[in-house]
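Enquirer: Just so we're on the same page, my numbering is the position in the sequence shown counted from 1, plus 171.
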Amino acid sequence: MHHRTDIVYQYDGSFEGFLCCVFRAVYQREDPMAIFSEDGAQATLLETALIDTEPDKAGRVLRSIPAKMGTDALRAVQWCFLSDLEDRETAILAFLRLGYRVGSPVMRMLTDPCVHKVVTAARNVANEAHLLKGFTRFSDHGGALVAEIEPKNHVLPILARHFRARMPGESFLIHDRTHKLVLLCSGGCCQILPLEELSLPRADRREQLYRQLWTRFYDTVSIESRYNPRCRMTHMPKRYWAMMTEFQPENQAFALPEVSSPSSEKLR
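#1: Indicate the three-state DSSP secondary structure (helix, strand or coil) for alanine 265 in the structure shown.
#2: Take the Cβ of glutamate 436 as the centre, count every other Cβ of all protein chains shown within 10 Å, and call the residue buried at 16 or more, exposed below.
#3: Please determine, among Glu187, Arg195 and Phe186, the residue with the shortest C-alpha to C-alpha distance to valine 179.
#4: Let me confirm a value: proline 203 is counted as buried when at least 16 other C-beta atoms fall within 10 Å, else exposed. Which label applies?
#5: Taking 7 Å as the limit between beta carbons, can you name the residues of its chain near proline 339, skipping five residues before and five after?
#6: Count the CB pairs spanning the region 343 to 352 and the region 372 to 388 that are closer than 8 Å, and state whether there are at least three.
#7: If distances are taken between C-alpha atoms only, which option among Arg335, Arg410, Ile394 and Glu201 comes closest to glutamate 321?
#8: For the alpha helix (DSSP H) that glutamate 378 lies in, which residues bound it at each end?
#9: So, helix, strand or coil for proline 322, using DSSP?
#10: Give me the Cα-Cα distance between valine 232 and glutamate 260, rounded to the nearest whole angstrom.
#11: Please report the straight-line C-alpha distance between methionine 404 and threonine 282, rounded to a whole angstrom.
#12: Does arginine 308 pass the burial test, meaning 16 or more other C-beta atoms within 10 Å, or should it be called exposed?
#13: Suppose contacts are defined by Cβ-Cβ distances below 8 Å. Is leucine 303 in contact with leucine 269 by that definition?
#14: Using only the alpha-carbon positions, how far apart do glutamate 187 and isoleucine 222 sit?
#15: With a Cβ-Cβ cutoff of 8 Å, do methionine 240 and valine 289 count as a contact?
What follows is the structure, encoded as structure tokens:
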């Protein structure tokens, strides 16, 4: 039985810090009314407990989740934490309490409100990350590849693993305009840092040419007789178009250079 409910937790906003909140709630038999990060702290009349991030405690909780509930439960917790779910911390805590009681069957208890909330949020994160693996468009700026995205969820950690594996020899940057964060990867090392705004210089002629080539390729492979806007928006939601090269009108502003065939060169 949980004894205290008249308390609020405040932590540093990291996943490790949240796991320390879980450690305290479980071992001190507390059921906090809310769990806030430092950036999202709110005024309250309840007692606020400041939870320090301690790697040892975070590690114990992290290891206990797959041991008690399986790896799918751990992935659901990690991805739900990356979601835009407003009360994700308290939802995950309720999910873990249930999981510690029933074990691995917790992932099949989708009619339970806390399980449904966590699994749905995790699925939304996975789906958006999957889409952005294909929809992210990079541009060359001084030898570094740069992209901007506007995701609903905090998907940069998932994209970091994907693009680091896909482009191991490249230096690249992905700016998350929604959450004001930037992913920096170089030499196989990646880090996520806060960044309010990214100002990029105008693309040079070579980069403009590549953008136009990609736009022309996109237009060329389309089949006019099968044009279906509704189907396209189902597979390529419109909210991603603003960051995609092929939908920018300026990429059709310049005429592409004509390419001479080898036979015509010989006749000259």
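Note that CB positions come from ideal geometry on N, CA and C, so glycine has one too.
Since the structure is predicted, the reported quantities are computational estimates derived from the model, not experimental observations.
Expert: The relevant details are as follows:
#1: Your numbering for residue 265 matches position 94 in the sequence shown. Alanine 265: helix per DSSP, three-state reduction.
#2: Position 265 of the sequence shown, counted from the start, is the residue given in the question as residue 436. Low per-residue confidence applies at glutamate 436: pLDDT is 46, beneath 50, and the placement is therefore not dependable enough to give any value.
#3: Counting from 1 along the sequence shown, the entry for residue 179 is found at position 8. If we check each option's Cα against that of valine 179, Arg195 comes out closest.
#4: Taking the sequence shown and counting its residues from 1, the one referred to as residue 203 is at position 32. Per the 10 Å Cβ criterion, buried.
#5: In the sequence shown, residue 339 corresponds to position 168, counting from 1. So the qualifying residues of the chain are Gly359.
#6: Not touching, per the Cβ criterion.
#7: Walking along the sequence shown from the start, residue 321 turns up at place 150. The shortest C-alpha separation from glutamate 321 is found at Arg410.
#8: Numbered from its first residue, the sequence shown carries residue 378 at position 207. Residues 376 to 392.
#9: As a working mapping, residue 322 is identified with position 151 in the sequence shown. Proline 322 falls in the coil class under three-state DSSP.
#10: The residue labelled residue 232 in the question sits at position 61 within the sequence shown. The residue labelled residue 260 in the question sits at position 89 within the sequence shown. Straight-line Cα distance between these residues: approximately 14 Å.
#11: By 1-based counting over the sequence shown, the position of residue 404 is 233. By 1-based counting over the sequence shown, the position of residue 282 is 111. Whole-angstrom Cα-Cα distance: 31 Å.
#12: In the sequence shown, counting from the first residue as 1, residue 308 sits at position 137. By the 10 Å Cβ count, arginine 308 comes out buried.
#13: In the sequence shown, residue 303 corresponds to position 132, counting from 1. In the sequence shown, residue 269 corresponds to position 98, counting from 1. Cβ distance not < 8 Å, so leucine 303 and leucine 269 don't count as in contact.
#14: Counting from one through the sequence shown, the residue named residue 187 turns up at place 16. Counting from one through the sequence shown, the residue named residue 222 turns up at place 51. Straight-line Cα distance between these residues: approximately 11 Å.
#15: Looking up residue 240 in the sequence shown gives position 69. Looking up residue 289 in the sequence shown gives position 118. No, these two residues do not count as a Cβ contact at 8 Å.
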